[in-house]
Amino acid sequence: MSSTDTSARSSAPIPDHDPAPDAAPAELAWRQADADVFVATSRGEFAGFVTVDDTAHVVHDRHSRRIGSYPSLAAARQALVDATRPPSRSRERLHRRILSRRR
Numbered sequence: 001m002s003s004t005d006t007s008a009r010s011s012a013p014i015p016d017h018d019p020a021p022d023a024a025p026a027e028l029a030w031r032q033a034d035a036d037v038f039v040a041t042s043r044g045e046f047a048g049f050v051t052v053d054d055t056a057h058v059v060h061d062r063h064s065r066r067i068g069s070y071p072s073l074a075a076a077r078q079a080l081v082d083a084t085r086p087p088s089r090s091r092e093r094l095h096r097r098i099l100s101r102r103r
């Protein structure tokens, strides 16, 4: 079957948002991919990775964008957890309020 064959595709609509927005964010599962690479997944989806060099642990998100550099693997992992956590509702309200004052 080719990738363009639609007969095997589901006709169910694809949600454009998280199906459980009020649920706690999924925890990251970590695997060591190589001696200097650690990969994180969330609900089976790629969430990011940490590379280790001589002096730092460099974190990248699921789009391979650099998040930052940290002195320990634990700090690097926590940075990815923080980066994948959805913003709080109070922070979203504050952001909207600040933007509305700029108009």
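Position one of the sequence shown corresponds to residue 1 (my numbering), numbered consecutively onward. For glycine and all other residues, C-beta sits at the position ideal for the given N, C-alpha and C. Quantities reported herein were computed from a predicted structural model and do not represent experimental measurements.
Burial is judged here by how many other beta carbons sit within 10 angstroms of a residue's own beta carbon; F49 has at least 16 and is buried. Counting of Cβ neighbours within 10 angstroms places F46 among the exposed residues, the total staying below 16.
Distance from the Cα of T55 is smallest, within the candidate group R31, L73 and D82, for L73. No residue range can be given for R65, since it is assigned to no alpha helix (DSSP H) and is classified by DSSP as neither H nor E.
Per DSSP, T84 is one residue of the alpha helix (DSSP H) stretching across L73 to T84.
D61: member of the beta strand (DSSP E) spanning H57 to D61, first to last residue. With a 10 Å radius around the Cβ and a threshold of 16 neighbouring Cβ atoms, A33 comes out exposed.
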